[in-house]
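Scroll down for the structure; my scribbles are underneath it.
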Amino acid sequence: MVRVSSFGQQQLLIRSIMNNQQKLFDGQRQIATGKKTDEYRGLAGETGTVLGARSFKSRVDTYQQTIATIRGKLDANDVQLEGVLGAMDKLKETIQTTLANGQAEGFSEMLGQTFKFVVNSLNTNFDGTYLFSGAKTGSQPVNVADLQELAGLGSVAEAFDNGNVAFEARIADGVDLEFGLLADDVAGGIFQEMLDLYDFDENTEELQGELSQAQFTFLQGQLASIDTAIDNLRQIHVSNGLAYERLEVVDDQHADTAVFLETFISDLEDVDIAEAVTRLNNDQIALEASYRAIGSLSQLSLLNFL
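Our numbering puts the last residue of the sequence shown at 289; the count rises by one with no breaks.
As structure tokens, this is what we get:
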């Protein structure tokens, strides 16, 4: 005779109900969170892959934040360099006009204003640091305010207090970008040219009124050297632009990498909502069936078979 244990069957049904309840709970959690699991151990063999991808994504995000900061400084560099170039071009144009007219009206004032404008540009403070100070971010790179103070120094080099090392930052794995500019590199040449003009005006022949032959000859000679100083400044301006272009290329690569990693991580971690909803419905039906089964079993009695 085969004996049927009502208690054993009930225990089996209860375990089945609990399993169905757990599946239903897991399905509800997946739909609510959009994730397959809320613990890395739930990803089984894919845990290492997900953690590696997330670490890489975090590194890329840090690089993108660094690039955003550098982009602002390069933009600020560009604005100030364009201003200095404009001022020097205007000074060159003034000299050419002076030579063409044989008159030097207002030349001294123009020279002094140009120098002060350049000094103010070089002492620009951006986001709490001086743009052209290099590593000495807390110090103004130019320590003179006018040409008289510059003339009182032993050399043009003494007018600069910037550091010897420019800004540099890592913008990708194994890729460093030097993006800072040093005041003495930018303006050493043009300071010397303006000092030469000032010294001649103060100590040789005042550049005012009709030009003498000596003044004419001096200004002609200065044009060539000013051209050289301006060309050097243009090269620095171009280098700043090339650094910006390189930055944009690397940033585009990071953006593409970030999108790929987000998709990759999502494929490993995120649940297919449509599939999860279907599975939830099936689990709910199974749970209801388990409830009905145990309800029917509890009403069974041997009297039904007598």
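All residues carry an ideal CB built from backbone N, CA and C; glycine is no exception.
| Asked | Found |
| --- | --- |
| Between the alpha carbons of F162 and G111, how many angstroms are there, rounded? | 17 angstroms |
| I'd like to know if the stretch 77 to 87 and the stretch 193 to 200 are in contact, where contact means that at least 3 CB-CB pairs between them fall below 8 angstroms. | yes |
| According to DSSP, simplified to helix, strand and coil, what is T107? | coil |
| So, does the stretch 168 to 179 touch the stretch 204 to 218, judging by three or more C-beta pairs under 8 angstroms? | yes |
| With distances taken from CA atoms, which of N106, D129, P124, F109 is nearest D97? | It is Thr, not Asp, that sits at residue 97 in the sequence shown. Nearest of N106, D129, P124, F109 to T97, Cα basis: D129. |
| Where does D159 land, buried or exposed, given buried means 16+ other C-beta within 10 angstroms? | exposed |
| Between the C-alpha atoms of L202 and Y113, what's the straight-line distance to the nearest angstrom? | 34 angstroms |
| Using the Cβ count rule (16 or more neighbours within 10 Å means buried), how would you classify N60? | buried |
| Enumerate in chain order the residues of its own chain whose CB-to-CB distance from L178 is below 8 angstroms, with the five nearest sequence positions on each side excluded. | L130, L133, A134, V139 |
| Tell me the start and end of each unbroken beta strand (DSSP E) in the stretch 112 to 148 that is at least 3 residues and wholly inside, in chain order. | none |
| What residue does the alpha helix (DSSP H) around A87 start on, and which one ends it? | Run containing A87: none; DSSP gives neither H nor E here. |
| Looking only at its chain, what residues have a beta carbon closer than 8 angstroms to the beta carbon of V43, apart from the 5 residues adjacent to it on each side? | H237, T240, A241, L244 |
| Going by DSSP, name the residue or residues bridged to V158. | A155 |
| Specify, as a first and last residue, the run of the alpha helix (DSSP H) that E176 falls within. | 166 to 182 |
| Go ahead and label D255 buried or exposed: buried means 16 or more other beta carbons lie within 10 angstroms of its beta carbon, across all protein chains shown. | Reliability of the predicted coordinates at D255 is poor, the pLDDT of 49 falling under 50, and no value is obtained from them. |
| I want to see whether chain B comes within less than 7 angstroms of L180, judged by CB atoms only; does it? | Considering every chain present, this structure includes no chain B. It has just one protein chain. |
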